[in-house]
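Chains as they are written, first to last, in our numbering: chain B, 2 to 456; chain X, 145 to 581. Even glycine gets a Cβ: it sits at the ideal position worked out from N, Cα and C. Note that the coordinates shown come from a computational prediction; the quantities given were computed from them, not determined experimentally. Beneath this line is the structure, given in structure tokens, with notes to follow.
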């Protein structure tokens with residue numbers, strides 16, 4: 002064994018304990034009711050602490066999404082709780098404190114969301130407040146002016162972060178002109194968003210049809226459904242959402258190098274399309290992702306971090322939008338090792354796409370996937386977020402049992418096939434944010450490069 | 145306001161059993177038998193405040209080494225055993241402690257105990273692994289500090305303005321020079337000195353039966369030889385007698401920012417006064433209804449964001465004295481720093497003069513709910529109980545805190561603000577964006 006112990010002798014250690022087979026996940030019992038207006042309400046009793054978590058997801062997608070839409074969505078998220086006919090922004094904020102609560106809004110090309118929590122005894126009050134905001138947010142002009150300004154400053158802060166710059170550059174390369182490729186809203190357009198536009202957006206596009214409300218906590222499920230129905234049963238309908246079109250597949254081409262002069266690291270990203278959660282091939286892709294870079298014990302981390310010391314936290318993800326999924330490799334490496342890091346990433350991808358994984362790698366990745374699903378739903382907040390996420394993809398709680406069952410059946414051959422289809426270097430685009438004067442020449446030895454300025 | 149809100153302190157149920165092994169290891173058991181997973185947390189009473197001069201960043205570097213091989217296991221095996229059995233792991237180096245945890249399926253409890261005991265028994269070290277982890281830590285510092293705007297603001301940049309002594313003021317991430325100077329012998333000495341059972345706390349939280357778990361704890365940890373815990377020096381230093389100001393230029397930052405540091409009562413020596421200071425911080429900064437948000441962001445519009453907390457990383461209960469109350473504001477380039485400070489000081493004076501019982505009760509309710517959210521998660525519950533055992537010998541405080549917060553009075557908050565949140569003894573750090581200084 003490499004290394005010497007820091008201390009000797011330190012006694013006799015017991016043998017490594019063996020762990021029995023993985024138990025099947027005990028699914029929480031989800032009470033569900035679909036209201037007459039189309040709102041689906043779910044409630045789960047999970048009573049470790051006397052709190053309740055609330056998640057609301059309202060699909061608002063449109064076939065066409067404009068920069069104005071994007072700016073309005075961003076300001077809407079910031080102003081949804083800025084006043085109603087009967088309460089000012091300060092009244093709302095104070096009321097939430099009284100409930101031991103919090104509530105925040107967000108909106109993007111796919112949906113509007115409202116997310117929060119309160120002391121469990123105050124669930125009816127929290128629901129009433131959410132319903133009041135949805136039906137009657139007034140977007141007072143003075144509040145909108147303050148928040149518009151704050152959003153513009155936040156955008157400046159976000160745009161200055163290299164990881165955000167890299168994410169935006171990846172989205173542009175992978176999704177192109179599709180709304181998913183839009184990047185951050187244009188601050189100029191944000192500056193022109195009006196109170197009337199926000200009111201109209203809420204009225205025209207935010208309604209119960211297809212929407213999902215989830216409540217998890219120290220509550221009685223049936224009673225919670227009744228309470229939700231009492232305040233949201235009369236929620237007026239809006240124009241139904243439209244399904245976003247699927248984005249066109251990305252066009253392969255040279256490495257995109259976003260020039261960030263003076264950068265001491267290069268933010269390397271490789272990305273490409275992936276399979277949706279509900280696709281029969283997804284479990285094998287999920288396993289391939291874990292083996293390759295989805296956890297610490299992955300090939301990517303072993304190579305780039307633990308062997309070479311090029312980077313702190315290399316990792317890969319499969320993220321899902323409603324109309325598309327994306328596989329992304331992330332490695333923020335020291336500027337001086339940018340090209341060697343690319344060589345190692347390509348090497349590991351090539352191995353995945355052309356050679357079978359080892360049986361032990363497969364078994365460990367399967368146990369990790371299944372085990373972390375159980376961890377993700379251990380807290381009220383985790384379960385609430387997971388349920389609403391699943392619902393936004395048309396999936397129910399059974400997914401938490403179906404996915405492990407499907408993962409258990411994945412074979413070495415399945416993983417090779419998934420990796421060949423989705424992790425092959427020829428299928429991925431490469432995007433980097435770094436100092437072009439330092440890294441361009443060495444990257445050119447490996448690939449064509451297109452240098453672009455910071456957006 | 146429409147409906148009246150019932151007043152009742154929400155009481156979390158956190159059953160706790162404590163014991164101490166013969167080698168001095170303190171053990172806290174917090175069972176939640178229905179849970180299908182268990183968190184195994186180990187805390188060592190050494191943080192970056194204790195690392196020697198010339199070795200800044202060493203406590204954190206050493207935390208990395210604790211994952212790189214132990215008495216029975218080669219490099220990488222620790223992570224493989226945790227993740228390959230469906231679990232997750234991590235560690236964190238704080239000012240006054242270094243913590244490690246695994247969250248695992250309940251059936252893997254004994255594996256978690258083995259893994260923590262094995263590296264408490266001995267960490268396994270060599271030159272190659274040390275060099276590798278020095279490089280990894282340097283990339284961590286580049287990601288989190290050097291290659292991004294506001295990197296290390298304010299946790300690295302504010303302490304040297306408020307504090308004078310090396311222990312309280314130095315950069316806990318460390319300088320590259322100091323990191324590169326670290327040796328295997330340094331690490332062996334650090335382990336021998338600080339990573340002894342009697343300088344550690346083990347806490348289990350989640351799905352296990354204490355009667356079954358305790359013999360397993362004894363089996364894995366009981367045979368680790370005991371060594372005397374190091375004597376901990378005092379980190380005390382005088383409170384500043386005048387305002388201290390410093391400017392730093394952040395070439396990557398797009399907007400000016402401001403951090404203020406104020407000394408607070410001893411978290412351990414005077415819990416009542418400390419709680420009043422913690423509550424007063426929330427009165428100033430908790431959400432959109434808070435005093436400073438209303439005043440600076442909404443009314444004066446001289447700031448776009450205001451926040452604050454007590455402690456190094458936001459947890460007021462994981463630090464010893466001296467620590468600080470921190471306020472942070474981001475503001476537009478056309479607003480002068482003194483405009484923000486004047487508004488802030490005036491609002492603190494206003495709060496001292498007119499804080500009402502209703503306002504305080506709302507803030508405390510919000511804080512109580514925040515504590516409950518933390519207790520819902522097995523890992524954060526386990527770490528909270530471990531640190532309460534470390535610093536106070538009182539993990540039961542977790543369940544009593546909501547009630548203690550409710551006992552803080554408006555007069556207590558006013559007194560805390562008037563005594564501690566004063567311009568004439570604070571640190572002010574201005575971040576000047578884009579090399580405009």
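Worksheet item: For residue 151(B), which residues of its own chain have a beta-carbon under 8 Å away from its beta-carbon, when the five flanking residues on both sides are left out?
Response: If we look at residue 151(B) and ignore the five residues flanking it on each side, its Cβ neighbours are 79.
Worksheet item: Skipping 5 residues on each side, what residues in its chain have a beta carbon closer than 8 Å to that of residue 301(B)?
Response: The residues are 293, 294, 315, 316, 317, 330, 332, 346 and 349.
Practice prompt. May I ask you to report which of helix, strand or coil DSSP gives residue 382(X)?
Written response: Three-state DSSP puts residue 382(X) in coil, outside helix and strand.
Worksheet item: Does the beta-carbon distance from residue 316(X) to residue 192(X) come in below 7 Å?
Response: The Cβ-Cβ distance between residue 316(X) and residue 192(X) falls below 7 Å.
Discussion item. Output needed in chain order: residues of the segment 22–33 of chain B with a Cβ under 7 Å from some Cβ in chain X.
Written reply: Listed by position, the residues of the segment 22–33 of chain B near chain X (Cβ gap below 7 Å) are 23, 24 and 27.
Practice prompt. In the DSSP assignment, find the unbroken alpha helix (DSSP H) run with residue 330(X) in it and report its ends.
Written response: Counting along the chain, the alpha helix (DSSP H) containing residue 330(X) begins and ends at 328–338.
Item to complete: Verify the CB distance criterion: does residue 196(B) have a CB-CB separation below 7 Å to chain X?
Response: Residue 196(B) does not count as touching chain X.
Worksheet item: In chain order, what residues of the same chain lie with their CB nearer than 6 Å to the CB of residue 443(B), ignoring the 5 residues before and after it?
Response: 340, listed in sequence order.
Worksheet item: From residue 219(X) to residue 332(X), what does the alpha carbon distance come to, in whole angstroms?
Response: It is roughly 17 Å from the alpha-carbon of residue 219(X) to the alpha-carbon of residue 332(X).
Worksheet entry | Contact belief for residue 264(B) with residue 291(X) at Cβ below 8 Å, rounded distance in angstroms | Right, their Cβ atoms sit about 6 Å apart.
Worksheet item: Do residue 141(B) and residue 228(B) have their C-beta atoms within less than 7 Å of each other?
Response: Contact: no.
Discussion item. Using C-beta distances below 8 Å, list every residue in its chain close to residue 388(X), excluding the 5 sequence neighbours before and after it, in chain order.
Written reply: Only 305, 306, 570, 571 and 572 meet the Cβ criterion.
Discussion item. Using only the alpha-carbon positions, how far apart do residue 113(B) and residue 275(B) sit?
Written reply: C-alpha separation (whole angstroms): 25 Å.
Practice prompt. Would you tell me roughly how many angstroms separate the C-alpha atoms of residue 357(B) and residue 416(B), rounded to the nearest one?
Written response: Rounded to the nearest whole angstrom, the CA to CA distance from residue 357(B) to residue 416(B) is 8 Å.
Worksheet item: Just to confirm, are residue 401(B) and residue 26(B) a CB contact at a threshold of 7 Å?
Response: In contact: residue 401(B) and residue 26(B) (Cβ atoms closer than 7 Å).
Practice prompt. Quick one: give me the first and last residue of the alpha helix (DSSP H) that residue 142(B) is part of.
Written response: In the DSSP assignment, residue 142(B) falls within the unbroken alpha helix (DSSP H) covering 142–160.
Discussion item. Taking the straight line between their C-alpha atoms, what separation do you get for residue 171(B) and residue 222(B)?
Written reply: Going by the C-alpha atoms only, they are around 42 Å apart.
Worksheet item: I think residue 205(X) touches residue 278(X), with their Cβ atoms under 8 Å apart; what is that distance to the nearest whole Å?
Response: At roughly 7 Å, the Cβ-Cβ gap stays under 8 Å, so residue 205(X) and residue 278(X) are in contact.
Worksheet entry | Spatial neighbours of residue 223(X) in its chain, beta-carbon cut-off 8 Å, leaving aside the 5 residues before and after | Hits under 8 Å: 211 and 233.
Worksheet item: Any chance the segment 127–147 of chain B sits against the segment 17–35 of chain B, with 3 or more Cβ pairs inside 8 Å?
Response: Between the segment 127–147 of chain B and the segment 17–35 of chain B there are fewer than three C-beta pairs closer than 8 Å, too few to call the two in contact.
Fill in: Start-end ranges of the beta strand (DSSP E) lying completely within the segment 238–282 of chain X, minimum 3 residues
Counting whole runs of 3 or more residues, the segment 238–282 of chain X contains the beta strand (DSSP E) stretches 242–249.
Worksheet item: In or out: residue 281(B) buried (at least 16 other Cβ within 10 Å) or exposed?
Response: Exposed, since its Cβ has fewer than 16 Cβ neighbours within 10 Å.
Worksheet item: According to DSSP, is residue 71(B) helix, strand or coil?
Response: Of the three classes helix, strand and coil, the one that applies to residue 71(B) here is helix, per DSSP.
Fill in: Within chain X, partners of residue 118(B) - CB distance below 8 Å
Simply 513 and 517.
Worksheet item: the segment 378–399 of chain B: which residues have C-beta closer than 9 Å to a C-beta of chain X, in chain order?
Response: Those residues of the segment 378–399 of chain B that come within reach of chain X (Cβ to Cβ, closer than 9 Å) are 379, 380, 381, 382 and 383.
Worksheet item: DSSP on residue 224(X), reduced to helix/strand/coil?
Response: Correct three-state label for residue 224(X): helix.
Worksheet entry | Contacts that residue 245(X) makes with chain B (C-beta to C-beta distance below 9 Å) | Going along chain B, no residue has its Cβ under 9 Å from residue 245(X), so there is no contact; the nearest lies around 12 Å.
Worksheet entry | Contact set between residue 453(X) and chain B, taken where Cβ atoms lie within less than 9 Å | Going along chain B, no residue has its Cβ under 9 Å from residue 453(X), so there is no contact; the nearest lies around 16 Å.
Item to complete: Put residue 17(B) into one of helix, strand or coil per three-state DSSP.
Response: Residue 17(B): coil per DSSP, three-state reduction.
Worksheet item: For residue 316(B), which of helix, strand or coil comes out of DSSP?
Response: Secondary structure at residue 316(B): strand, using DSSP grouped into helix, strand and coil.
Worksheet item: Who pairs with residue 112(B) in a beta bridge, going by DSSP?
Response: Bridge partners of residue 112(B): 60(B).
Worksheet entry | Nearest candidate by alpha-carbon position, reference residue 269(B), set 359(B), 225(B), 256(B) and 19(B) | The candidate whose alpha carbon is nearest that of residue 269(B) is 256(B).
Discussion item. Quick test of the definition: if touching needs 3 or more C-beta pairs under 8 Å, does the segment 394–414 of chain B touch the segment 248–257 of chain X?
Written reply: With contact defined as three or more Cβ pairs closer than 8 Å, the segment 394–414 of chain B and the segment 248–257 of chain X are not in contact.
Worksheet item: Could you give the distance in angstroms between the alpha-carbon of residue 181(X) and the alpha-carbon of residue 184(B)?
Response: Each residue's alpha carbon lies about 39 Å from the other.
Worksheet item: Is residue 272(B) closer than 7 Å to residue 430(B) when the C-beta atoms are compared?
Response: In contact: residue 430(B) and residue 272(B) (Cβ atoms closer than 7 Å).
Discussion item. With distance defined between alpha-carbon atoms, name the residue in 375(B), 408(B), 138(B) and 381(B) nearest to residue 248(X).
Written reply: If we check each option's Cα against that of residue 248(X), 375(B) comes out closest.
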